[in-house]
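This report concerns only the one structure given below.
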Amino acid sequence: GNSVTQMEGPVTLSEEAFLTINCTYTATGYPSLFWYVQYPGEGLQLLLKATKADDKGSNKGFEATYRKETTSFHLEKGSVQVSDSAVYFCALTLNTGTASKLTFGTGTRLQVTL
Amino acid sequence: DAGVIQSPRHEVTEMGQEVTLRCKPISGHNSLFWYRQTMMRGLELLIYFNNNVPIDDSGMPEDRFSAKMPNASFSTLKIQPSEPRDSAVYFCASSWGAPQGTQYFGPGTRLLVL
Numbered sequence: 035g036n037s038v039t040q041m042e043g044p045v046t047l048s049e050e051a052f053l054t055i056n057c058t059y060t061a062t063g064y065p066s067l068f069w070y071v072q073y074p075g076e077g078l079q080l081l082l083k084a085t086k087a088d089d090k091g092s093n094k095g096f097e098a099t100y101r102k103e104t105t106s107f108h109l110e111k112g113s114v115q116v117s118d119s120a121v122y123f124c125a126l127t128l129n130t131g132t133a134s135k136l137t138f139g140t141g142t143r144l145q146v147t148l
Numbered sequence: 002d003a004g005v006i007q008s009p010r011h012e013v014t015e016m017g018q019e020v021t022l023r024c025k026p027i028s029g030h031n032s033l034f035w036y037r038q039t040m041m042r043g044l045e046l047l048i049y050f051n052n053n054v055p056i057d058d059s060g061m062p063e064d065r066f067s068a069k070m071p072n073a074s075f076s077t078l079k080i081q082p083s084e085p086r087d088s089a090v091y092f093c094a095s096s097w098g099a100p101q102g103t104q105y106f107g108p109g110t111r112l113l114v115l
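If you read the protein sequences in the order shown, they are chains A and B. The end of the first sequence is residue 148 by our numbering, with every number in the run present. The end of the second sequence is residue 115 by our numbering, with every number in the run present.
Given below as structure tokens:
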């Protein structure tokens, strides 16, 4: 079946540090890949996505590259801010079917301190 | 657009009572998803609809849970009778443009069953 594996959290960084959150996937077809972010007390928001191999998604200084050879979609940011503290979810959907059913990872909590 | 609207935002009830959660998707979206989020189990897809038709309800935990979508602008998730283990945050999400359509999440309903 399809699955997404994320690194265990929490990840604690100082402001302006470099961030990497690892994500690998298993899928039976050719998925689209997503990163969602959940701020405290809120629903999930799409952060970025990539729909085919070698695509790079980017938004708000975050980037992730779809690596088919390593089945990975690692999230990176060059300089984190306190406001980036949140839970980050990696997810995939297969490019078939009638609806965009997402398979989520377990989430990685990021805490950024001054 | 107002985004996905969920009500109530918080619900406290006693074991055995009926609970109804409501969702209004984004206008024009044709897919709707119900998720449950807990610390122990993470984010779980309960059921999703496409064009008001239930497509996959394999995530519904048991017969106490039911969901309906009588029209394109409204859906309900009902728990009857409720149990303490149902305590969780329930999210509704909607999307358009399967299969790669981005899912937009509501703010969630925080349910506590005493």
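Backbone N, C-alpha and C define an ideal beta-carbon position, used for all residues, glycine too.
- request: Look at the Cβ atom of Lys-83/A, then the Cβ atom of Gly-91/A, and state whether they are nearer than 7 angstroms.
  value: yes
is_contact[Leu-47/B, chain A] using C-beta, thresh 7 angstroms: no
field: Minimum Cβ-Cβ distance from Gly-95/A to chain C less than 7 angstroms
entry: Going by chain labels, chain C is absent from the structure shown, which instead holds the protein chains A and B.
task: Determine contact between the stretch 65 to 79 of chain B and the stretch 18 to 38 of chain B, defined as no fewer than three beta-carbon pairs at a distance below 8 angstroms.
output: yes
field: Alpha-carbon spacing of Gly-43/A relative to Gly-141/A, whole angstroms
entry: 8 angstroms
query: Can you tell me the Cα-Cα spacing of Lys-135/A and Ser-113/A, whole angstroms?
result: 32 angstroms
task: Since I believe Gly-107/B is in contact with Ala-94/B (beta carbons under 8 angstroms), could you give me their beta-carbon distance rounded to a whole number of angstroms?
output: 7 angstroms
Selection of the stretch 66 to 88 of chain B by Cβ proximity to chain A, strictly under 8 angstroms: The stretch 66 to 88 of chain B vs chain A, Cβ under 8 angstroms: nothing.
- prompt: Closer than 7 angstroms, CB to CB, is Pro-55/B near chain A or not?
  reply: no
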